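K.L.:
Top line first, the protein sequences correspond to chains R and U. Using my numbering, the letters of the first sequence map in sequence onto residues 29 to 476. Using my numbering, the letters of the second sequence map in sequence onto residues 140 to 480. Just dropping this structure here.
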Amino acid sequence: MGNEEAVFYSRVLTELTLSFHIIYATIGVGVPLMIMIAQWVGIRKNDEHYILLARRWARGFVITVAVGVVTGTAIGMQLSLLWPNFMELAGNVIALPLFLETFAFFFEAIFLGIYLYTWDRFENQKKHLLLLIPVAIGASASAVFITIVNAFMNAPQGFDVLNGELVNINPLLAMFNPAMPTKVAHVVVTAYMTAAFVLAAIAAFRLLKGSNHIYHKKALFLTMKVGLVFSIAAAIIGDFSGKYLAEYQPEKLAAAEWHFETEENAPLILYGVLDNGEVKYAIKIPFALSILAHFNPTAEVIGLDQFPEDEIPPLYIHYLFDIMVTIGVWMTLLSLVYWLGVQMRWKMVQSKLFRWLIVLGGPLSILAIEAGWWLAEVGRQPWILRGLMRVEDAATTSGHVDTMLILFSGLYLVLGVGSIVVLTRMFRRNPVEQELEDRHATKGADIS
Amino acid sequence: MTLEIIGVTVLWTFLFGYLIVASIDFGAGFFNAYSLLTGRQHILTNVIQRYLSPVWEVTNVFLVFFFVGIIGFFPKTAFYYGTTLLVPASIAIILLAIRGSYYAFETYGSRGHKGYSFMYGLAGLFIPAALSIVLTISEGGFIEMVDGSPSLDYYALFTSPLTWAIVVLSLSAVLYISAVFLTWYANRAGDLEATNLMRKYALIWALPTIITAAGIMVELRTHNQAHYNNMMDIWWAFGLSFLLYLGTVWLLVKRRSYGLSFGLLVGQFFVAFFAYGFAHRPYLLYPYLTIYDSFTNEAMAIALIIAFIAGLALLIPSLYLLLRLFLFNKDYVRGKKDNHA
């Protein structure tokens with residue numbers, strides 16, 4: 029196998045692992061917060077329904093977190109196995125957050141074990157809730173640290189290169205690189221948002237499938253409310269991400285927005301297709317790109333004409349951008365209408381159609397996460413470390429990557445199917461109505 | 140003490156931690172699968188459910204900590220080991236994934252799926268075999284440089300008696316460590332039947348463990364003279380380890396203080412593991428890589444060590460809490476309490 033092939037298969041395997049891992053990782057970061065909120069509301073309102081909600085979410089979480097852990101271990105090792113040259117360089121400069129991530133993960137794993145196995149062991153429910161706090165902190169901190177490493181790949185700093193040697197290394201400066209604030213905030217907030225909408229989809233699905241139990245209505249209202257808050261936050265942070273890109277990675281922004289010529293008063297191109305270098309059927313919003321990039325409708329935005337051909341990312345990332353933004357806006361509107369509808373007692377939000385839209389929102393949110401990560405990673409091409417190391421120079425020289433790709437594909441298939449089967453079986457065999465009866469839970473009240 | 144030594148000691152300590160906790164985990168899975176075959180499954184299933192399920196993720200982190208840490212402290216290892224270990228490490232990851240998912244899936248889902256239990260049990264034997272190959276490779280002689288990049292000579296590796304001696308040691312050590320621990324755990328749980336069974340397994344695996352360990356010494360004498368000589372310089376450490384070994388076996392034979400017996404076993408492996416590592420120094424990979432020429436820059440080393448100390452301050456109390464709840468809590472161990480979500 030020539031090295032071109034090794035590079036190609038390394039890219040495919042990394043993309044496969046990350047695309048699979050990110051589903052479970054996102055749920056893993058977001059769901060502990062949701063469990064915490066539900067348990068807290070349950071304790072405060074003395075409402076058994078919310079406590080049970082937390083407990084049932086925690087059960088499902090056991091499954092998703094396990095797949096997240098094992099695939100996370102896989103990507104952690106694959107970084108060194110597939111990209112040894114990159115990791116040798118990265119190890120010198122950005123090892124600190126990687127190292128911190130293992131501590132965050134340690135912390136989370138320990139307390140998750142304790143939390144899961146100590147239900148009803150304490151007289152005071154609040155003590156049990158306290159055990160969940162390190163889990164939620166550990167999960168979010170893991171996301172923060174690992175995203176810092178990704179931010180570093182986009183905006184490397186904290187060292188100098190002198191005659192091919194790395195000098196003046198400053199690990200903290202490398203961590204707090206310009207890409208870090210927007211990237212970290214965006215990843216964490218969208219994880220909360222996605223977890224909320226996935227759980228909302230499940231609640232809506234139960235309501236559609238015949239159960240009219242107040243338990244599901246409470247779950248739906250809580251998750252949509254939380255989802256709304258975080259989707260608004262995601263939009264605001266997304267706007268700042270645009271400004272970061274304009275300043276530090278203009279080629280990524282320009283490629284994502286099909287902005288070919290450097291110009292002032294730049295319009296934002298939404299949708300459309302590219303036909304022989306010409307944009308067709310697109311919606312052009314005047315001045316919007318200048319506003320996104322610089323807060324100023326007349327500002328100049330750097331276009332792709334400023335970059336050599338071999339340093340421009342593939343232009344299909346525009347479609348990924350469209351998918352991500354469209355779903356984000358759609359979910360914000362959907363949850364806003366739902367929240368208003370519940371306040372105003374609109375019949376419409378209780379309709380079958382609306383509930384199906386909420387159900388659809390779960391997979392859509394996951395799709396948005398995938399599109400966002402593909403945009404982030406493909407948009408950095410051809411670099412693995414922007415401006416310093418190209419992807420093809422970073423890969424392994426081993427000749428067995430294609431075989432490993434087949435093995436890992438099989439593994440992810442087993443894990444994906446296995447987790448879905450186990451999750452559905454777990455909740456089918458023990459429906460909430462049954463469990464509430466078993467627990468004689470009568471303390472539940474109506475929604476606020 | 141130089142930064143290099145601190146770094147490698149930290150990593151070696153965590154690897155030792157992984158060796159012990161993972162051996163318990165892997166061995167238990169194997170005994171469980173074996174007892175499924177012989178129709179005695181209920182004896183061990185309980186112990187696995189009660190002890191291993193809450194802590195498997197913690198076990199896993201020990202390994203993650205080691206390989207992330209070694210890239211941090213010794214970035215050049217990524218180049219040498221990353222390139223050459225693609226196949227054995229990938230296989231180990233896949234097997235680890237099967238084991239991890241087993242704990243999660245079996246806790247609620249398809250409990251008692253036999254094929255899965257067998258895979259889980261067998262994976263526990265293949266993982267140490269795959270991972271122990273790293274130790275073999277580190278002795279040198281299996282990696283050659285082709286056009287400036289390292290390449291693993293599989294033929295030499297799989298025809299070397301050293302490789303197989305280390306694989307056999309890793310397997311028998313896993314079963315031995317696990318059996319001694321489970322003897323103690325079952326005894327605490329008041330499960331006489333399980334205690335007797337595990338004690339029997341412990342005594343069975345004690346002998347192959349010590350024989351292969353001695354065999355590796357002999358192999359090393361021809362394979363890596365320098366390492367062998369270094370080990371002979373500290374022969375007394377290996378002697379001490381042997382005495383601890385005899386203590387464990389004696390207590391097991393006499394059916395006395397299983398807790399102390401497990402303590403002696405940890406001591407035996409601790410002394411041998413550190414003596415082996417001490418003699419291996421300064422090489423991470425004979426003859427290409429030493430801890431000195433592969434070490435990271437000073438700024439990063441200091442940052443990592445500070446992070447490590449801060450991390451430990453957080454971890455040790457948490458680990459203590461975990462052990463107190465699942466290992467040292469009599470009611471829990473005896474199965475009187477079940478507070479699972």
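Glycine included, C-beta positions come from ideal geometry on N, C-alpha and C. Quick caveat: nothing in here was measured; it's all calculated off a predicted structure.
Using a Cβ-Cβ distance under 8 Å, would U/MET439 count as near chain R?
P.N.:
The residue you call residue 439 of chain U lines up with position 300 of the second sequence. Yes - at least one Cβ of chain R is within 8 Å of the one on U/MET439.
K.L.:
Counting only beta-carbon atoms, is R/ASN191 nearer than 8 Å to chain U?
P.N.:
As a working note, residue 191 of chain R is residue 163 in the first sequence. With 8 Å as the cut-off, R/ASN191 does not count as an interface residue toward chain U.
K.L.:
From R/ALA399 to U/ILE272, what does the alpha carbon distance come to, in whole angstroms?
P.N.:
Mapped onto the first sequence, residue 399 of chain R falls at position 371. Mapped onto the second sequence, residue 272 of chain U falls at position 133. So the two alpha carbons sit approximately 39 Å from each other.
K.L.:
Can you grab the Cα-Cα spacing for the pair U/VAL306 / R/GLY238, in whole Å?
P.N.:
Taking the first residue of the second sequence as 1, we reach residue 306 of chain U at position 167. Taking the first residue of the first sequence as 1, we reach residue 238 of chain R at position 210. If you take the alpha carbons of U/VAL306 and R/GLY238, they lie about 57 Å apart.
K.L.:
Below 8 Å between beta carbons: does that hold for U/ALA411 and U/ILE373?
P.N.:
Reading the second sequence from its first residue, position 272 is the one you call residue 411 of chain U. Reading the second sequence from its first residue, position 234 is the one you call residue 373 of chain U. Cβ atoms of U/ALA411 and U/ILE373: not closer than 8 Å.
K.L.:
Taking 8 Å as the CB-CB cut-off, is U/TYR293 touching chain R?
P.N.:
Taking the second sequence and counting its residues from 1, one reaches residue 293 of chain U at position 154. It does not; no Cβ of chain R falls within 8 Å.
K.L.:
Would you be able to state if there are at least three C-beta pairs under 8 Å between the region 435-444 of chain R and the region 75-82 of chain R?
P.N.:
Judged by Cβ distances under 8 Å, the region 75-82 of chain R makes no contact with the region 435-444 of chain R, as fewer than three pairs qualify.
K.L.:
Which word fits R/ASP474, buried or exposed, when buried means at least 16 other C-beta atoms lie within 10 angstroms of its C-beta?
P.N.:
Against the first sequence, residue 474 of chain R aligns to sequence position 446. Here R/ASP474 scores only 49 on pLDDT, less than 50, and its place in the model is too uncertain to base an answer on.
K.L.:
Would R/ARG418 and R/MET181 qualify as a contact pair, given that the criterion is a beta-carbon distance under 8 Å?
P.N.:
For this step, residue 418 of chain R is matched to residue 390 along the first sequence. For this step, residue 181 of chain R is matched to residue 153 along the first sequence. No, these two residues do not count as a Cβ contact at 8 Å.
K.L.:
Kindly list, in the order they appear in chain U, the residues whose Cβ is closer than 7 Å to that of R/PHE127.
P.N.:
Taking the first residue of the first sequence as 1, we reach residue 127 of chain R at position 99. In chain order: VAL207, GLY208, GLY211, LEU443, ALA446.
K.L.:
Starting from the Cα of R/ILE311, find the closest Cα among R/ASN304, R/LEU296, R/LEU320 and give me that residue.
P.N.:
Against the first sequence, residue 311 of chain R aligns to sequence position 283. Per the Cα distances, R/LEU296.
K.L.:
Compare the beta carbon distance of U/GLU278 and U/ASP292 with 8 Å and say whether it is the shorter of the two.
P.N.:
As a first step, residue 278 of chain U is located in the second sequence; it is residue number 139 there, counting from the start. As a first step, residue 292 of chain U is located in the second sequence; it is residue number 153 there, counting from the start. Going by C-beta atoms, U/GLU278 is not nearer than 8 Å to U/ASP292.
K.L.:
Compare the beta carbon distance of R/THR54 and R/ALA223 with 8 Å and say whether it is the shorter of the two.
P.N.:
For the purposes of this step, residue 54 of chain R is taken as the residue at position 26 of the first sequence. For the purposes of this step, residue 223 of chain R is taken as the residue at position 195 of the first sequence. It is a contact, given that the beta carbons lie within the stated cut-off.
K.L.:
In angstroms with no decimal places, state the Cα-to-Cα distance between U/LEU399 and R/LEU250.
P.N.:
Indexing the second sequence from 1 puts residue 399 of chain U at position 260. Indexing the first sequence from 1 puts residue 250 of chain R at position 222. Going by the C-alpha atoms only, they are around 52 Å apart.
K.L.:
Output yes if chain R places a C-beta closer than 8 Å to the C-beta of U/VAL306; else output no.
P.N.:
Reading the second sequence from its first residue, position 167 is the one you call residue 306 of chain U. It does not; no Cβ of chain R falls within 8 Å.
K.L.:
Using CA atoms only, rank isn't needed, just tell me which of R/ARG383, R/SER269, R/TYR37, R/LYS154 is closest to R/GLY207.
P.N.:
To locate residue 207 of chain R, count along the first sequence from 1; it is residue 179. The question names Gly, yet the displayed sequence has Ala at residue 207 of chain R. The option with the nearest alpha carbon to R/ALA207 is R/SER269.
K.L.:
Would you kindly check if the distance between the Cβ of R/ALA247 and the Cβ of R/ALA231 is under 8 Å?
P.N.:
Counted from its first residue, the first sequence places residue 231 of chain R at position 203. Counted from its first residue, the first sequence places residue 247 of chain R at position 219. Yes. Within cutoff.
K.L.:
Give the straight-line distance between the Cα atoms of U/ALA236 and R/PHE323, rounded to the nearest whole angstrom.
P.N.:
Taking the second sequence and counting its residues from 1, the one referred to as residue 236 of chain U is at position 97. Taking the first sequence and counting its residues from 1, the one referred to as residue 323 of chain R is at position 295. Rounded to the nearest angstrom, the two C-alpha atoms are 47 Å apart.
K.L.:
May I have the straight-line CA-CA distance separating R/MET432 from R/ALA102, to the nearest angstrom?
P.N.:
If you number the first sequence from 1, residue 432 of chain R lands on position 404. If you number the first sequence from 1, residue 102 of chain R lands on position 74. So the two alpha carbons sit approximately 12 Å from each other.
K.L.:
Comparing C-alpha positions only, which one of U/LEU261, U/TYR367, U/ASN468 sits nearest to U/LEU175?
P.N.:
Position 36 of the second sequence, counting from 1, holds the residue named residue 175 of chain U. With distances taken between Cα atoms, U/LEU175 lies closest to U/LEU261.
K.L.:
What span of residues does the alpha helix (DSSP H) with U/TRP375 cover, start to end?
P.N.:
Here residue 375 of chain U is taken as the residue at index 236 of the second sequence, counted from 1. Taken as a continuous stretch (DSSP letters only), the alpha helix (DSSP H) holding U/TRP375 covers 374-392.
K.L.:
At a CB distance below 7 Å, what residues from the region 414-435 of chain U approach chain R? Give them in sequence order.
P.N.:
Here the close residues are THR435.
K.L.:
Compare the C-beta of U/GLU278 with all C-beta atoms of chain R and state if any pair is closer than 8 Å.
P.N.:
Residue numbering aside, residue 278 of chain U sits at position 139 when the second sequence is read from its first letter. Cβ-Cβ to chain R under 8 Å: no for U/GLU278.
K.L.:
Measuring only the C-alpha atoms, how far is R/TYR145 from U/ASN199?
P.N.:
The residue you call residue 145 of chain R lines up with position 117 of the first sequence. The residue you call residue 199 of chain U lines up with position 60 of the second sequence. The straight-line gap from Cα to Cα measures roughly 18 Å.
K.L.:
Could you tell me which of R/ILE397, R/LEU348, R/PHE139 sits nearest to R/ALA86, measuring between CA atoms?
P.N.:
As a first step, residue 86 of chain R must be located in the first sequence, where it is residue number 58. Measuring from the Cα of R/ALA86, the nearest candidate turns out to be R/PHE139.
K.L.:
Are the C-beta atoms of R/ILE265 and some chain U residue less than 8 Å apart?
P.N.:
What you label residue 265 of chain R is simply residue 237 of the first sequence in a count that begins at 1. Judged by the 8 Å Cβ criterion, R/ILE265 is not in contact with chain U.
K.L.:
Tell me the rounded alpha-carbon separation between R/GLY148 and U/TYR471.
P.N.:
For the purposes of this step, residue 148 of chain R is taken as residue 120 along the first sequence, with counting starting at 1. For the purposes of this step, residue 471 of chain U is taken as residue 332 along the second sequence, with counting starting at 1. Before going on, a small fix: residue 148 of chain R reads as Asp here, not Gly. The straight-line gap from Cα to Cα measures roughly 14 Å.
K.L.:
Would you kindly report the start and end of the unbroken beta strand (DSSP E) that includes R/TRP7?
P.N.:
What is shown of chain R runs 29 to 476, which leaves residue 7 of chain R out entirely.
K.L.:
Whole angstroms is fine: what's the gap from R/VAL57's alpha carbon to U/ALA418's?
P.N.:
By one-based count along the first sequence, residue 57 of chain R stands at place 29. By one-based count along the second sequence, residue 418 of chain U stands at place 279. Distance between the alpha carbons of R/VAL57 and U/ALA418 is about 43 Å.
K.L.:
Just the Cα atoms here: how many angstroms apart are R/LEU236 and R/VAL212?
P.N.:
Taking the first sequence and counting its residues from 1, the one referred to as residue 236 of chain R is at position 208. Taking the first sequence and counting its residues from 1, the one referred to as residue 212 of chain R is at position 184. Computed Cα separation, rounded: 36 Å.
K.L.:
Please classify U/ASN468: does DSSP put it in a helix, a strand, or coil?
P.N.:
Looking up residue 468 of chain U in the second sequence gives position 329. Coil.
K.L.:
Among the residues of its own chain, which have a CB less than 6 Å from the CB of U/PHE170, if the five just before and after it don't count?
P.N.:
By one-based count along the second sequence, residue 170 of chain U stands at place 31. Excluding residues within five positions, the ones whose Cβ falls inside 6 Å are LEU183.
K.L.:
State the start and end residues of the unbroken beta strand (DSSP E) segment that holds R/ASP303.
P.N.:
Here residue 303 of chain R refers to the residue found at position 275 when the first sequence is read from its first residue. Start and end: 301-303.
K.L.:
List, in order along the chain, the chain R residues whose C-beta lies closer than 8 Å to that of U/PRO214?
P.N.:
Walking along the second sequence from the start, residue 214 of chain U turns up at place 75. Neighbours of U/PRO214 on chain R, chain order: MET115, GLU116, LEU117, ALA118, GLY119, ASN120, ALA123.
K.L.:
Along the alpha helix (DSSP H) that carries R/LYS308, what are the first and last residues, could you check?
P.N.:
Sequence index remark: in the first sequence, residue 308 of chain R carries index 280 (1-based). Element bounds for R/LYS308: not the alpha helix (DSSP H) but the beta strand (DSSP E), 306-308.
K.L.:
What would DSSP say about R/LYS375, mapped onto helix, strand or coil?
P.N.:
The residue labelled residue 375 of chain R in the question sits at position 347 within the first sequence. It is coil, neither helix nor strand.
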